[in-house]
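Enquirer: Handing you this structure, nothing more for now.
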Amino acid sequence: MLTSETIHPDRNDKREARAAVHRIGRVARWELAEEGVRLYGEKANLSLTFLADGAVRIRLFFGVAPDLATTPAVLPQTKAGAVSLEETARDYRAVAAGGVAVAVDRERGIFSVFRANGETLLAGVDLFWDRDRSATLTAGMDENSHFYGLGEKTGFLDKKGERYEMWNSDVYEPHVPDISALYQSIPLLIHFRSGGTGAAYGVFLDDPGRAAFDMRTSPDRYAIQSENGNLDLYVLEGPTLKDVVKRYAGLTGKPPMPPRWAIGYQQSRYSYMNEEEVLGIARTMREKRIPCDVIYLDIHYMDEYRVFTWDPERFPDPKGMMRQLKEMGFRVVPIVDPGVKQDPKYPVYVEGVREGYFCKKLEGETFIGNVWPGPSAFTDYTDERAAKWWGDLHQFYIDHGIEGIWNDMNEPSVFNTASKTMDVDVVHANGGRPKTHGEWHNLYGMLMSKATYEGMARGLGGERPFVLTRAGYAGIQRYAAVWTGDNRSYWEHLAMSIPMVLNLGLSGVAFAGPDIGGFSHHASGELVARWTQAGALFPFCRNHSAIDTPHQEPWVYGERVEAICREYLGLRYRLMPYLYSLFYEATSTGLPIVRPLLLEYPEDANVANLCDQFLLGRDLLAAPILRPGTTARSVYLPEGVWLDFWTGERLEGGRFVLAQAPLEVMPLYVRAGAILPEQPLRQHAEEAVEGPTTLRVYAGGEGSFRLFEDDGRTFGYESGRYRLREFAWTEADGERTLSASVVHDGYEGDASELRIAVGNLDREPSSVQLSGAEESGARHYDAAKKVLTVSVRGAGGEFRLSLQEQGLR
Ligand code: GLC
Numbered sequence: 001m002l003t004s005e006t007i008h009p010d011r012n013d014k015r016e017a018r019a020a021v022h023r024i025g026r027v028a029r030w031e032l033a034e035e036g037v038r039l040y041g042e043k044a045n046l047s048l049t050f051l052a053d054g055a056v057r058i059r060l061f062f063g064v065a066p067d068l069a070t071t072p073a074v075l076p077q078t079k080a081g082a083v084s085l086e087e088t089a090r091d092y093r094a095v096a097a098g099g100v101a102v103a104v105d106r107e108r109g110i111f112s113v114f115r116a117n118g119e120t121l122l123a124g125v126d127l128f129w130d131r132d133r134s135a136t137l138t139a140g141m142d143e144n145s146h147f148y149g150l151g152e153k154t155g156f157l158d159k160k161g162e163r164y165e166m167w168n169s170d171v172y173e174p175h176v177p178d179i180s181a182l183y184q185s186i187p188l189l190i191h192f193r194s195g196g197t198g199a200a201y202g203v204f205l206d207d208p209g210r211a212a213f214d215m216r217t218s219p220d221r222y223a224i225q226s227e228n229g230n231l232d233l234y235v236l237e238g239p240t241l242k243d244v245v246k247r248y249a250g251l252t253g254k255p256p257m258p259p260r261w262a263i264g265y266q267q268s269r270y271s272y273m274n275e276e277e278v279l280g281i282a283r284t285m286r287e288k289r290i291p292c293d294v295i296y297l298d299i300h301y302m303d304e305y306r307v308f309t310w311d312p313e314r315f316p317d318p319k320g321m322m323r324q325l326k327e328m329g330f331r332v333v334p335i336v337d338p339g340v341k342q343d344p345k346y347p348v349y350v351e352g353v354r355e356g357y358f359c360k361k362l363e364g365e366t367f368i369g370n371v372w373p374g375p376s377a378f379t380d381y382t383d384e385r386a387a388k389w390w391g392d393l394h395q396f397y398i399d400h401g402i403e404g405i406w407n408d409m410n411e412p413s414v415f416n417t418a419s420k421t422m423d424v425d426v427v428h429a430n431g432g433r434p435k436t437h438g439e440w441h442n443l444y445g446m447l448m449s450k451a452t453y454e455g456m457a458r459g460l461g462g463e464r465p466f467v468l469t470r471a472g473y474a475g476i477q478r479y480a481a482v483w484t485g486d487n488r489s490y491w492e493h494l495a496m497s498i499p500m501v502l503n504l505g506l507s508g509v510a511f512a513g514p515d516i517g518g519f520s521h522h523a524s525g526e527l528v529a530r531w532t533q534a535g536a537l538f539p540f541c542r543n544h545s546a547i548d549t550p551h552q553e554p555w556v557y558g559e560r561v562e563a564i565c566r567e568y569l570g571l572r573y574r575l576m577p578y579l580y581s582l583f584y585e586a587t588s589t590g591l592p593i594v595r596p597l598l599l600e601y602p603e604d605a606n607v608a609n610l611c612d613q614f615l616l617g618r619d620l621l622a623a624p625i626l627r628p629g630t631t632a633r634s635v636y637l638p639e640g641v642w643l644d645f646w647t648g649e650r651l652e653g654g655r656f657v658l659a660q661a662p663l664e665v666m667p668l669y670v671r672a673g674a675i676l677p678e679q680p681l682r683q684h685a686e687e688a689v690e691g692p693t694t695l696r697v698y699a700g701g702e703g704s705f706r707l708f709e710d711d712g713r714t715f716g717y718e719s720g721r722y723r724l725r726e727f728a729w730t731e732a733d734g735e736r737t738l739s740a741s742v743v744h745d746g747y748e749g750d751a752s753e754l755r756i757a758v759g760n761l762d763r764e765p766s767s768v769q770l771s772g773a774e775e776s777g778a779r780h781y782d783a784a785k786k787v788l789t790v791s792v793r794g795a796g797g798e799f800r801l802s803l804q805e806q807g808l809r
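The structure is reproduced here in structure tokens:
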């Protein structure tokens, strides 16, 4: 029988009508408003808010007034001072004093953004939406355009020619280039133009619903699309890439200092199945002298995957186990997933239901989805009470001596829905401003990690917690480190982990890394060796492997691979003062810890898409081996003089060199002029080892370094309890000088002894003078290594070490 459905309008609408798009149209009127400026068009309007820090927020809105609430990604911002308005025959122009300018085309309502000096940043091409309100902005690009950021995406460093979606997804399929969305969604696009001005700007789309960035479809424009029509954009002025990254950090936050132990090497496995196995791994690490700080507990530690429980058979005495691990210098990080097992006898579930903490449909029914424990409920972290409750539940772990938590499956991943996530019609309470899951999907993981971080911080009473997360949105860096999910033991994934971590760093997430060795698939010893070499210099350094794969600890593949892992993880621990200081730089500026060469050498046309090598900080250049059976590779050294870290060989930059790389060697270079602080080898970050810090200075160029020191554990640094010393190396008029100054002196830890090792000195200096401190012990020049070593006492304050050499210009 036919019903009236036969004549449903959808069956009759012309295809063209369905495809029709709408535009703002002629802009009839504009006005100054509280937030800045509003422009009213025929079919929609724009609101402009100029921010003090060289940024402008541009919001498309329908109706009389815009909704200017931001998502939790955006921190409170200061507005720019005076905004002046001008009208020309073509445009309305709003200009913020000392900031950016926005021109809105009077006929079409399309906007462009300029720098104060008139240079174009974002050149608007079109802005339209379809009948479902999916809205798209397109903006100009050209042959000099390169794109970076976008958080955790597959592919190479430069995203030109690619299209990606923002929709947090649990992707167990291999992470290949056509996977458009992974676990994280960071809708920050950095547009950089090489040649000419070399200017960069960023566009951040503050929309945690489904969105897309398309740098593929058109040769002359890129597109940013918000499925929910939420075009809430922030254009961040450069002009340099570093400026964009810093401005983005001003908008969405900087990472807090992690506890020092969390910077150490971490060993994981899905799963270390019981207490004996965990203790065995810990003992083996120490016996074999493989430095390590953390052992992970994956889902098998729980009682039938109920979070905040222990499996009574596998882990009968968790407190006792923790005590033994602590004595050996290990921390434990257990996994905590969002799914709470639906079980009327499980207090967490019962309380969550009783108090209304779980996500619900509008009609009131709790959303239940299947994950590891079977049918499960999911906390609504947009509800402050629920988030606090969740955070406080972590006291359970704190009581066991645990200070770090691993958040997984928090896209959220759901096994039994067609979408593989929470139904989009679940309604998040959001403090009385409800949002559907479809609108706020990408925030779920970040709000879980926020609740976790804050709960742990409350419970730890002043100690810094560590949280690791799989899912996240812009701003996740304020709460958690990010690992890049279920990669595979493929050489391609080792290679891809570099651009992925680099782009995460350009997207605010400095503390990131892949599963070293690869999660699923079977790793070869050679792959583990090569991946550990590279991973030892990544900010987050964890080896993890899946349940159905062979074990992947450093000793599994025999002595040769074990020795390589020991050597490179040892290097990480020796360089920890360098790494730790880079973490502080990230905390104070938002700049990444590992960097594409592009960030330091933006004018070098060779590095726009260079991502098989990376910089740790500014001065250390790593060129990992990314293919099996490879014992040499080409390495690009940017301008300046570079020194082979292993041999001291001096190399002119601005060219490719061929590096020899037997399995034991990852090519590594230091910029001449660099100052690298090094500590004696430790087996874990807090191990008390005698011996001073060595400042390795690499002569032949100039440079400086800020060494950060604090207790490594507390939030004291936030109130000034840290020491920041600046060391500068200059070379002029036959004199080379290391000068030390104290930028901030709020930490009592001992700093009096320092060893200074100046390398790349062809001859012993004819004179060495130290002022402001005393020499302790004998000075030594090693002619073979070309290194002069000077031991200094009373090195905590200002001092100068000058080397003179006759004949040196
Ligand atoms: C997910 C995680 C993986 C973890 C596994 C079991 O696949 O990404 O790291 O080991 O779940 O918890």
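Once you know that position 617 of the sequence shown is 617 in UniProt numbering, the rest is easy, because the numbers rise by one and skip nothing. Virtual Cβ for every residue (Gly too), placed ideally from N, Cα, C.
So the alpha helix (DSSP H) isoleucine 398 belongs to, where does it begin and stop?
Expert: Taken as a continuous stretch (DSSP letters only), the alpha helix (DSSP H) holding isoleucine 398 covers 395-398.
Enquirer: For isoleucine 7, count neighbouring Cβ atoms within 10 angstroms of its own Cβ and tell me buried if that reaches 16, exposed if not.
Expert: Exposed, since its Cβ has fewer than 16 Cβ neighbours within 10 Å.
Enquirer: Quick check on DSSP: helix, strand or coil for residue 840?
Expert: The shown model of the chain, from 1 to 809, leaves out residue 840, and the question about it has no answer.
Enquirer: Within a Cβ cutoff of 7 Å, which residues of the same chain sit near arginine 809, ignoring the five residues on either side of it in sequence?
Expert: Residue confidence for arginine 809 is low, a pLDDT of 45 falling below 50, so the modelled location carries little weight; the figure read from the coordinates is stated next. If we look at arginine 809 and ignore the five residues flanking it on each side, its Cβ neighbours are Gly734.
Enquirer: Ligand 1 and histidine 551: does the residue's C-beta get closer than 8 Å to at least one heavy atom of that ligand?
Expert: False, no ligand heavy atom lies under 8 Å from that Cβ.
Enquirer: Just how far apart, CA to CA, sit histidine 521 and proline 373?
Expert: Cα-Cα distance, rounded: 25 Å.
Enquirer: Buried or exposed for isoleucine 190, please, with buried defined as at least 16 other CB atoms from any protein chain shown within 10 angstroms of its CB.
Expert: Classification of isoleucine 190: buried, given that the 10 Å Cβ count is 16 or more.
Enquirer: Quick check on DSSP: helix, strand or coil for arginine 723?
Expert: Strand at arginine 723.
Enquirer: Among Ala536, Gly505, Trp310, Thr647, which has the Cα closest to the Cα of threonine 587?
Expert: The candidate whose alpha carbon is nearest that of threonine 587 is Gly505.
Enquirer: Determine contact between the region 352-362 and the region 309-319, defined as no fewer than three beta-carbon pairs at a distance below 8 Å.
Expert: With a cut-off of 8 Å, the region 309-319 and the region 352-362 do not count as touching, because too few Cβ pairs lie within range.
Enquirer: Quick one: what does DSSP say arginine 283 is sitting in, helix, strand or coil?
Expert: Here arginine 283 sits in helix by DSSP.
Enquirer: Have a look at the DSSP bridge pairing and note the partners of tyrosine 92.
Expert: Tyrosine 92 pairs with Glu87, Val104.
Enquirer: Below 8 Å, can you find three or more Cβ-Cβ pairs linking the region 678-696 to the region 610-630?
Expert: Output reads no: the region 610-630 does not touch the region 678-696.
Enquirer: Quick check on this structure: which residue in Asn12, Leu251, Leu121 has the alpha carbon closest to the alpha carbon of proline 76?
Expert: Taking only the C-alpha atoms, the option nearest proline 76 is Leu251.
Enquirer: Grouping DSSP H, G and I as helix and E and B as strand, with all else coil, what is methionine 166?
Expert: Methionine 166 falls in the strand class under three-state DSSP.
Enquirer: Out of curiosity, what's the CA-to-CA distance linking valine 665 and glycine 455?
Expert: Between valine 665 and glycine 455, the C-alpha separation is close to 43 Å.
Enquirer: Checking 9 Å against the spacing of the C-beta atoms, do leucine 724 and arginine 595 come in under that value?
Expert: Taking 9 Å as the Cβ cut-off, leucine 724 and arginine 595 do not qualify as a contacting pair.
Enquirer: Should histidine 544 be listed as close to ligand 1, given that the test is whether its C-beta is under 8 Å from any heavy atom?
Expert: Because some heavy atom of ligand 1 lies under 8 Å away, the Cβ of histidine 544 counts as near it: yes.
Enquirer: Does the beta-carbon of glycine 320, which I'm using as the reference point, lie nearer than 8 Å to any heavy atom of ligand 1?
Expert: Because no heavy atom of ligand 1 lies under 8 Å away, the Cβ of glycine 320 does not count as near it: no.
Enquirer: Rounded to whole angstroms, what is the Cα-Cα separation between asparagine 760 and cysteine 611?
Expert: Distance between the alpha carbons of asparagine 760 and cysteine 611: 28 Å.
Enquirer: Any residue with its Cβ nearer than 5 Å to a heavy atom of ligand 2 should be included. What is that list in chain order?
Expert: Inclusion of ligand 2 in the displayed structure is not the case, the ligand content consisting of ligand 1 alone.
Enquirer: Assuming the contact rule is C-beta atoms closer than 8 Å, valine 95 and serine 84 should be a hit. Round their C-beta distance to whole Å, please.
Expert: Right, their Cβ atoms sit about 5 Å apart.
Enquirer: If you draw a straight line from the alpha carbon of phenylalanine 147 to that of glycine 749, how long is it in whole angstroms?
Expert: Taking the straight line joining both Cα atoms gives about 44 Å.
Enquirer: How is residue 810 classed by DSSP in three states: helix, strand or coil?
Expert: No information on residue 810 is available, as it lies outside the stretch 1 to 809 that the chain covers here.
Enquirer: Can you find a CB in chain D that lies within less than 9 Å of the CB of arginine 286?
Expert: Within the model displayed, chain D is absent; a lone protein chain is all it includes.
Enquirer: So is methionine 215 buried or exposed if we call it buried at 16+ other beta carbons inside 10 Å?
Expert: Its Cβ being crowded by 16 or more others within 10 Å, methionine 215 is buried.
Enquirer: Have a look at glutamate 173 and asparagine 410 and give me their C-alpha separation to the nearest angstrom.
Expert: Glutamate 173 and asparagine 410: Cα-Cα distance of roughly 17 Å.
Enquirer: I think glutamate 237 touches tyrosine 201, with their Cβ atoms under 8 Å apart; what is that distance to the nearest whole Å?
Expert: Confirmed, about 6 Å.
Enquirer: Verify whether the separation of the beta carbon atoms of asparagine 168 and glutamate 439 is less than 9 Å.
Expert: Their beta carbons are not under 9 Å apart, which means asparagine 168 does not touch glutamate 439 by this criterion.
Enquirer: If you run the structure through DSSP and keep just helix, strand and coil, what is arginine 793?
Expert: It is a strand residue.
Enquirer: Indicate whether alanine 480 and serine 524 have their beta-carbon atoms separated by less than 9 Å.
Expert: Cβ atoms of alanine 480 and serine 524: not closer than 9 Å.
Enquirer: In angstroms, rounded to a whole number, what distance separates the CA positions of alanine 728 and tyrosine 301?
Expert: Straight-line Cα distance between these residues: approximately 50 Å.
Enquirer: Among the residues of its own chain, which have a CB less than 6 Å from the CB of tyrosine 601, if the five just before and after it don't count?
Expert: Same-chain partners within the cutoff: Val607, Pro638.
Enquirer: So asparagine 503 is in the alpha helix (DSSP H); what residue range does that whole segment cover?
Expert: Run containing asparagine 503: 491-506, per the alpha helix (DSSP H) assignment.
Enquirer: What residue from Tyr305, Ile405, Arg93 has the CA that sits closest to serine 376's CA?
Expert: Here the closest residue by C-alpha is Tyr305.
Enquirer: Using only alpha-carbon positions, find the residue among Met322, Asp132, Thr71 that is nearest to phenylalanine 204.
Expert: When only C-alpha atoms are compared, the closest one is Thr71.
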